[in-house]
Each structure stands twice: as structure tokens, then as C-alpha cells.
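Quick note on this note's numbering: the sequence shown kicks off at 21 and runs consecutively. Beta carbons are placed, not taken as given, at the ideal position from N, Cα and C, and that holds for glycine. Quick notes on the structure that follows.
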Amino acid sequence: MTNATSERPLHSVSVAGIVVREDGRVLVIRRADNGAWEPPGGILERNERPEEGVLREVAEETGIDVEVERLTGVYKNLTLGVIALVFRCRPVGGVEQLSDESTAVRWLTPAEVEQSMKEVFAVRVADALDGPVPHVRSHDGVRLLAA
């Protein structure tokens, strides 16, 4: 007899905020661990609501306080088993600052985002700017996978 718990797939859940200013620029960080430009975010804590996690992660990594507007996408990294919930946010306070997780904090135009980020992260910004319907996408950590 097998243990039902051991048969369940294990996933990690992360959250990210696509923070958009009134001028259309998007808040991004350069990650301290790999130097990549990405939207601020991280692993959701066990007893934390997704929206609370976004507020915490964005503030921790950038110094910017945000208000969550809506869910814009669900993204699964099939290689690592990470499911990312991405929310469009608007800034409501704070001042840009670095953290242990970020070596730079910038406000980029959508065109700069596309040039600076890997496809799997740039698409999250594009999806958040696209409209009210959440997107559901899978990737291998580098490229999007066809539906």
C-alpha cells in the first residue's frame, strides 16, 4: 500500500508584483543571486495570502509600498515545479532602496523590460499591461512552452 501523501506532487508557490506607475514605467530589480532583471517577488509563506505576499515581497526587495489591483497571470516552471502568481500593482508610497536580494531597483519602460529580461519574466510584464484577463502559461525556466 502506498502513502497518498508521497504520491502528491510538491510545488512551490511564488508571487510577483508588476508595479506600474502612472507614466507606464514598471518597477524591476536586478537580483543579487544571479544578476537578472525581474519583477520583484518571491516564495509565498505557508500561512500568507497571495496578496499579502506580494505587498511584503515588493516592499522588502524595493522599498516601494503597493496596492494590489488584480491577478494577471499564473505561470508554472515545469523544470523546477514552481507556480508563480503574478499581480498588477500600483505604487502608493515608499522610496526605492536596495536589499539583500536586489542590487538595483529601476523603473523601466515596457520596451526596456523586453530588452532587459528573459522571455519568461518579460511576458509577465506584457501580460499585466495587456488587460484584465489573467493569462496561464508554462515554461521551462528559459522559454515559454506552447499550449
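Pairwise C-alpha distance: residue j and residue i
{"i": "Ala166", "j": "Asp160", "result": "11 angstroms"}
{"i": "Ile38", "j": "Glu134", "result": "14 angstroms"}
{"i": "Val156", "j": "Asp120", "result": "30 angstroms"}
{"i": "Thr92", "j": "Phe107", "result": "5 angstroms"}
{"i": "Arg69", "j": "Leu47", "result": "22 angstroms"}
{"i": "Gly44", "j": "Val112", "result": "15 angstroms"}
{"i": "Val88", "j": "Cys109", "result": "4 angstroms"}
{"i": "Gly62", "j": "Tyr95", "result": "13 angstroms"}
Assigned exposure category for residue i - 16 Cβ within 10 Å defines buried
{"i": "Thr22", "result": "Any reading at Thr22 is ruled out, since the residue's pLDDT is 48, under 50, leaving its predicted position unreliable."}
{"i": "Arg144", "result": "buried"}
{"i": "Thr123", "result": "exposed"}
{"i": "Thr99", "result": "exposed"}
{"i": "Ala104", "result": "buried"}
{"i": "Leu30", "result": "exposed"}
{"i": "Ala131", "result": "exposed"}
{"i": "Val153", "result": "exposed"}
Opening and closing residue of the alpha helix (DSSP H) in which residue i lies
{"i": "Gly73", "result": "Pro70 to Thr82"}
{"i": "Leu149", "result": "Glu139 to Asp150"}
{"i": "Ala131", "result": "Pro130 to Ser136"}
Counterpart residues of residue i in DSSP-defined beta bridges
{"i": "Leu164", "result": "His159"}
{"i": "Ala36", "result": "Gly61 and Val106"}
{"i": "Gly93", "result": "Val106 and His155"}
{"i": "Arg195", "result": "The chain is shown only over 21 to 167; residue 195 falls outside these bounds and no answer can be derived."}
{"i": "Asp85", "result": "Gly113"}
Span of the beta strand (DSSP E) around residue i
{"i": "Ala104", "result": "Val102 to Gly114"}
{"i": "Asp47", "result": "Here residue 47 turns out to be Leu, not Asp, going by the sequence shown. Where Leu47 is concerned, the enclosing beta strand (DSSP E) stretches over Val46 to Arg51."}
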